[in-house]
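Line order of the protein sequences matches chains A and B.
Under the working numbering, the residue at position 48 of the first sequence is numbered 48, and the numbers go up by one with no gaps.
One gets the working numbering by counting positions in the second sequence from 1 and adding 237 to each.
We put the beta carbon where it would ideally sit given N, CA and C, even for glycine.
Values in this document were obtained by computation on a predicted structure and should not be read as measured data.
What follows is a short report on a single structure.
Protein chains: 2
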Amino acid sequence: MTESSDSATPHTESGALEDRAYREAVVDLLGAIAYGEISAFERLAEDAKLAPSLEDKLAIVGMACREFAHVELLRARLVEIGADPFAAMAPFTAALDLFHQHTAPADFYEGLVKAYVGDGLAADFYREIAAYLDPRTRDIVISSLADAGHSEFVVDRVQAAIAADHKLGGRLALWGRRLMGEALTQAQRVAAERDALSALLAGGVDRPALDLAAIGRMFARITEQHADRMSKLGLDA
Amino acid sequence: MTESSDSATPHTESGALEDRAYREAVVDLLGAIAYGEISAFERLAEDAKLAPSLEDKLAIVGMACREFAHVELLRARLVEIGADPFAAMAPFTAALDLFHQHTAPADFYEGLVKAYVGDGLAADFYREIAAYLDPRTRDIVISSLADAGHSEFVVDRVQAAIAADHKLGGRLALWGRRLMGEALTQAQRVAAERDALSALLAGGVDRPALDLAAIGRMFARITEQHADRMSKLGLDA
Numbered sequence: 001m002t003e004s005s006d007s008a009t010p011h012t013e014s015g016a017l018e019d020r021a022y023r024e025a026v027v028d029l030l031g032a033i034a035y036g037e038i039s040a041f042e043r044l045a046e047d048a049k050l051a052p053s054l055e056d057k058l059a060i061v062g063m064a065c066r067e068f069a070h071v072e073l074l075r076a077r078l079v080e081i082g083a084d085p086f087a088a089m090a091p092f093t094a095a096l097d098l099f100h101q102h103t104a105p106a107d108f109y110e111g112l113v114k115a116y117v118g119d120g121l122a123a124d125f126y127r128e129i130a131a132y133l134d135p136r137t138r139d140i141v142i143s144s145l146a147d148a149g150h151s152e153f154v155v156d157r158v159q160a161a162i163a164a165d166h167k168l169g170g171r172l173a174l175w176g177r178r179l180m181g182e183a184l185t186q187a188q189r190v191a192a193e194r195d196a197l198s199a200l201l202a203g204g205v206d207r208p209a210l211d212l213a214a215i216g217r218m219f220a221r222i223t224e225q226h227a228d229r230m231s232k233l234g235l236d237a
Numbered sequence: 238m239t240e241s242s243d244s245a246t247p248h249t250e251s252g253a254l255e256d257r258a259y260r261e262a263v264v265d266l267l268g269a270i271a272y273g274e275i276s277a278f279e280r281l282a283e284d285a286k287l288a289p290s291l292e293d294k295l296a297i298v299g300m301a302c303r304e305f306a307h308v309e310l311l312r313a314r315l316v317e318i319g320a321d322p323f324a325a326m327a328p329f330t331a332a333l334d335l336f337h338q339h340t341a342p343a344d345f346y347e348g349l350v351k352a353y354v355g356d357g358l359a360a361d362f363y364r365e366i367a368a369y370l371d372p373r374t375r376d377i378v379i380s381s382l383a384d385a386g387h388s389e390f391v392v393d394r395v396q397a398a399i400a401a402d403h404k405l406g407g408r409l410a411l412w413g414r415r416l417m418g419e420a421l422t423q424a425q426r427v428a429a430e431r432d433a434l435s436a437l438l439a440g441g442v443d444r445p446a447l448d449l450a451a452i453g454r455m456f457a458r459i460t461e462q463h464a465d466r467m468s469k470l471g472l473d474a
């Protein structure tokens, strides 16, 4: 989705990482995504316990392990650029843990919607940022966001459950809105605390800033993609 | 380890699965191992929460996902021989769930010892049985028992913890004995309930039975390997 970003000025790898502010932003970004995948694993492993059948449980655990496989990729890149992967993740554990505490699913279907909608939102957001990265880091970020097989399975199960119980549709639509709200709250918190990461979007001496209109368009794209996912599930956004 | 089994008369694949009792035993065996790997995954994913650092947590989750990857192999073989994988696992869920309920680790180190000692015991036992299988099923069983990277990590962490706290060594030695006792209790329960599986060891019309002396030697080998593992951890068996 890099082509959909406004005025992205990607870094070239050679030299880019010597720019201290840029390197700091990359370390933050890789650390945030890596911890996000770890907490996605943990959440899915918990949700697997709610699965109504052993077959559903295996599907969820399979997703969890595919998410986790991405961590190795991000960790290797952090080591490659001389960063400590665990120090890189540390600034993001509080926000991500809070997000998960505030959005603990009450049943199997809330868990499915969260996996699909939450990971979709995170992936859209990181893909937007990826447009500002050197090609090698960008490729790693994009690979780490590959769909872990959520879509088909989740859409199938949620649609069937709503067809069988219409009240569930109303509850899950509210749940989707709550997930979006919590995600924005935590994202703002991170943006306020991590200057380097925000500066990547806000531009720098050699890069034009993303103006307010461009940031607005970015959020419009993310919101639209969220609405698309909700509609695929058969839910009002 | 097939060479260490007494009087094993391996089946050839062609025809072997047409023997109804043999096929039933194979379905049981693959189902038991598959559910064992699923519950190993679940236990490790739980234990990961007890990890003292994010690095240890990642090591445990990595093991959990490697265990889980074996499930696909066993499931595919069950489907290949025309069995329903979930029906094949069903008879073993109670015994394995009970084993895990009775041996919930109180801390990170009990979890590590359980992963290493418990999976080692299960692998030794299934490898002994594998000697009685047709080559293709045997290969799948042996691959599914490959060490999920437990050994080095667990030995390293447990040895360091015992060196720092000698009382821990005494507690973990008792814990290892309890794991062995619970494993034997559940194995006997399964043997009593699953005639086809026991018949595989007890022989059949075209196969000599494993006599009592041979069964005794098999248990002696398993006990010896258990003692080896305990000693590698620095614990009395």
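Test: V71/A CB closer than 8 Å to a CB of chain B: Position 71 of the first sequence holds residue 71/A. At least one chain B Cβ lies under 8 Å of V71/A.
The segment 155 to 169 of chain A touching the segment 216 to 224 of chain A, judged by at least three CB pairs closer than 8 Å: Counting C-beta pairs closer than 8 Å gives fewer than three between the segment 155 to 169 of chain A and the segment 216 to 224 of chain A, which falls short of the contact rule.
Burial state of R257/B, where buried means 16 or more other Cβ atoms lie within 10 Å: Taking the second sequence and counting its residues from 1, the one referred to as residue 257/B is at position 20. Exposed, because fewer than 16 other Cβ atoms sit within 10 Å of the Cβ of R257/B.
Cβ neighbours of E304/B in the same chain (closer than 7 Å, five flanking residues each side left out): Within the second sequence, numbered from 1, the residue matching residue 304/B stands at position 67. Hits under 7 Å: E274, A277, F278, L281, A385.
Of the residues E24/A, E18/A, A34/A, L17/A, the one placed nearest I142/A, counting alpha carbons only: Against the first sequence, residue 142/A aligns to sequence position 142. Per the Cα distances, A34/A.
Sub-8 Å separation of G170/A and A237/A beta-carbons: Translated into positions along the first sequence, residue 170/A becomes position 170. Translated into positions along the first sequence, residue 237/A becomes position 237. No, the Cβ-Cβ distance between G170/A and A237/A is not below 8 Å.
Beta-carbon contacts of F362/B that lie in its chain and below 8 Å, excluding the five residues immediately before and after: As a first step, residue 362/B must be located in the second sequence, where it is residue number 125. Residues of the same chain with a CB within less than 8 Å of the CB of F362/B, apart from the 5 flanking positions on each side, are A424, I459 in chain order.
Spatially closest choice to L78/A from T93/A, A122/A, E24/A, A95/A, by CA coordinates: The residue labelled residue 78/A in the question sits at position 78 within the first sequence. Selected option, being the one with the closest Cα: E24/A.
Straight-line Cα distance separating A160/A from H226/A: Taking the first residue of the first sequence as position 1, residue 226/A is located at position 226. Taking the first residue of the first sequence as position 1, residue 160/A is located at position 160. If you take the alpha carbons of H226/A and A160/A, they lie about 20 Å apart.
Backbone CA spacing between V442/B and A451/B [nearest angstrom]: Here the question's residue 442/B lines up with position 205 in the second sequence. Here the question's residue 451/B lines up with position 214 in the second sequence. Low confidence applies to V442/B: its pLDDT is 49, below 50, so where it sits in the model is not reliable, and the reading given next is rough at best. Rounded to the nearest angstrom, the two C-alpha atoms are 18 Å apart.
Residues that M326/B contacts on chain A, provided the C-beta gap is smaller than 9 Å: In the second sequence, residue 326/B corresponds to position 89, counting from 1. L54, listed in chain order.
Amino acids of chain B, ordered along the chain, whose beta-carbon sits closer than 7 Å to that of A45/A: Numbered from 1 along the first sequence, position 45 holds the residue referred to as residue 45/A. Near A45/A (Cβ distances below 7 Å), the residues of chain B are A282.
Cutoff 8 Å; reference I140/A; Cβ partners in own chain excluding five residues on either side: Here the question's residue 140/A lines up with position 140 in the first sequence. Excluding sequence neighbours, I140/A sits near L30, L73, L74, R77.
Rounded straight-line distance, which links the Cα of F86/A to that of V391/B: Working through the second sequence from its first residue, we reach residue 391/B at position 154. Working through the first sequence from its first residue, we reach residue 86/A at position 86. If you take the alpha carbons of V391/B and F86/A, they lie about 21 Å apart.
Cβ neighbours of D119/A in the same chain (closer than 7 Å, five flanking residues each side left out): Start at 1 with the first residue of the first sequence, and residue 119/A comes out as number 119. So the qualifying residues of the chain are A40, H150.
Alpha carbon of R415/B to alpha carbon of L470/B, nearest angstrom: Mapped onto the second sequence, residue 415/B falls at position 178. Mapped onto the second sequence, residue 470/B falls at position 233. R415/B and L470/B have their C-alpha atoms spaced approximately 16 Å apart.
Straight-line gap, C302/B to G62/A (C-alpha atoms, nearest Å): Here residue 302/B corresponds to residue number 65 of the second sequence, with the count starting at 1. Here residue 62/A corresponds to residue number 62 of the first sequence, with the count starting at 1. In this structure, the alpha-carbon of C302/B lies about 9 Å from that of G62/A.
C-beta contact flag for A69/A and I60/A at 8 Å: Numbered from its first residue, the first sequence carries residue 69/A at position 69. Numbered from its first residue, the first sequence carries residue 60/A at position 60. Their beta carbons are not under 8 Å apart, which means A69/A does not touch I60/A by this criterion.
Residue ranges of each beta strand (DSSP E) within the segment 53 to 128 of chain A, 3 or longer: Here no run is fully enclosed.
Own chain partners of V264/B with C-beta closer than 6 Å, once the 5 adjacent residues on each side are dropped: For the purposes of this step, residue 264/B is taken as residue 27 along the second sequence, with counting starting at 1. Closer than 6 Å at the Cβ level, and outside the excluded window around V264/B, lie A320, A325.
Alpha-carbon to alpha-carbon, L472/B and Y346/B: Counting from 1 along the second sequence, the entry for residue 346/B is found at position 109. Counting from 1 along the second sequence, the entry for residue 472/B is found at position 235. Using only the alpha carbons, I get a separation of about 12 Å.
is_contact[V298/B, chain A] using C-beta, thresh 8 Å: As a first step, residue 298/B must be located in the second sequence, where it is residue number 61. Taking Cβ atoms only, chain A reaches closer than 8 Å to V298/B, which makes this a yes.
Which of helix, strand or coil DSSP assigns to L200/A: What you label residue 200/A is simply residue 200 of the first sequence in a count that begins at 1. L200/A falls in the helix class under three-state DSSP.
Nearest-angstrom Cα separation, counted from R189/A out to L354/B: Numbered from its first residue, the second sequence carries residue 354/B at position 117. Numbered from its first residue, the first sequence carries residue 189/A at position 189. Leu is not the amino acid found at residue 354/B; the sequence shown has Val there. The straight-line gap from Cα to Cα measures roughly 44 Å.
L409/B versus D284/B, M467/B, A359/B, A332/B, residue with shortest Cα-Cα distance: Looking up residue 409/B in the second sequence gives position 172. For L409/B, the nearest C-alpha among the options comes from M467/B.
Under 7 Å from the C-beta of F41/A: neighbouring residues of chain B: Mapped onto the first sequence, residue 41/A falls at position 41. By Cβ distance, chain B contributes V298.
Beta-carbon separation (whole angstroms), R431/B vs P328/B, contact threshold 8 Å: Sequence index remark: in the second sequence, residue 431/B carries index 194 (1-based). Sequence index remark: in the second sequence, residue 328/B carries index 91 (1-based). Between P328/B and R431/B the Cβ distance is about 6 Å, and since that is below 8 Å, they are a contact.
Partner residues on chain A for F323/B, Cβ-Cβ distance less than 8 Å: Locating residue 323/B in the second sequence gives position 86, where the first residue counts as 1. Within 8 Å Cβ-Cβ: S53, L54, E55.
CA-to-CA distance, T93/A to A433/B, given in whole angstroms: What you label residue 433/B is simply residue 196 of the second sequence in a count that begins at 1. What you label residue 93/A is simply residue 93 of the first sequence in a count that begins at 1. Looking at the two C-alpha atoms, the distance is approximately 51 Å.
Chain-ordered neighbours of F305/B on chain A, where CB pairs are closer than 9 Å: Working through the second sequence from its first residue, we reach residue 305/B at position 68. Neighbours of F305/B on chain A, chain order: L58, V61, G62, A64, C65.
Neighbourhood of Y32/A by C-beta distance below 6 Å, restricted to the same chain and skipping five residues each side: Along the first sequence, read from residue 1 onward, the residue named residue 32/A stands at position 32. First, the amino acid is wrong: residue 32/A is Ala here, not Tyr. F92, listed in sequence order.
Where S144/A falls, given that 16 or more other Cβ within 10 Å makes a residue buried: To locate residue 144/A, count along the first sequence from 1; it is residue 144. So S144/A counts as buried.
Buried versus exposed call for K286/B [16 or more other C-beta atoms within 10 Å across all chains shown]: Locating residue 286/B in the second sequence gives position 49, counting from the first residue. Exposed.
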